[in-house]
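According to our numbering, the residues represented by the sequence shown are 1018 to 1155, in order. Glycine included, C-beta positions come from ideal geometry on N, C-alpha and C. See below for the structure under consideration.
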Amino acid sequence: MTSSKILFCLSIAFIAGIFVQSILKIQQALLWIFLFFGVLVIIISLLFKRYFLTIIGFCLLLFVLGISRFQITELNIQNNGLRRLNDTKELTLTGKIIKEPDIRENSQKLKIEIDNPKSKVLVTTNRYQEYRYFDKVI
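As structure tokens, then:
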């Protein structure tokens, strides 16, 4: 099997892990079983010089990695302080600009660190208002 095909299989395994986790919500205990089985397949395949099984073992490991990546991202979204502010009609936040403004043709994008709840947001605003790095905005 060529190296490009191996890379393709490993990439598909990672993407499949993300896809499966988004649909089935696999529990952590089952994830550990997949991880153990993947490592076991790799060790056995190296002992018996069955390199095709090594690729399958690494595919299992990347499948588990894809599931874990999705779980970590989902946990970060659930624990975000701004989540409770969703679906509010009007919102006023106070913070400071933490990155140079990204000035576009008709607008500018500001990366702002909010004071309460402690979080970061990306704001798109009018092009012709002057903002600088570390400006305090409301």
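- Of the residues assessed, L1127 falls on the buried side of the cut-off, its CB having 16 or more other CB atoms within 10 angstroms.
- Cβ contact annotation for Y1148 (same chain, cutoff 8 Å, sequence separation greater than five): I1114, P1118, Q1125, L1127, T1142 and V1154, in chain order.
- When the alpha-carbon of Y1068 is set against those of I1023, F1151, F1036 and I1094, the nearest one is in I1023.
- The count of Cβ pairs closer than 8 Å, one atom from the region 1097-1106 and one from the region 1068-1081, stays below three, leaving the stretches out of contact.
- Rounded to the nearest angstrom, the gap between the Cα atoms of E1122 and I1129 is 20 Å.
- In terms of Cα proximity to L1082, the closest of L1027, Q1146 and F1151 is L1027.
- When the Cα atoms are used, L1048 and V1037 turn out to be separated by approximately 12 Å.
- It is roughly 26 Å from the alpha-carbon of I1084 to the alpha-carbon of S1136.
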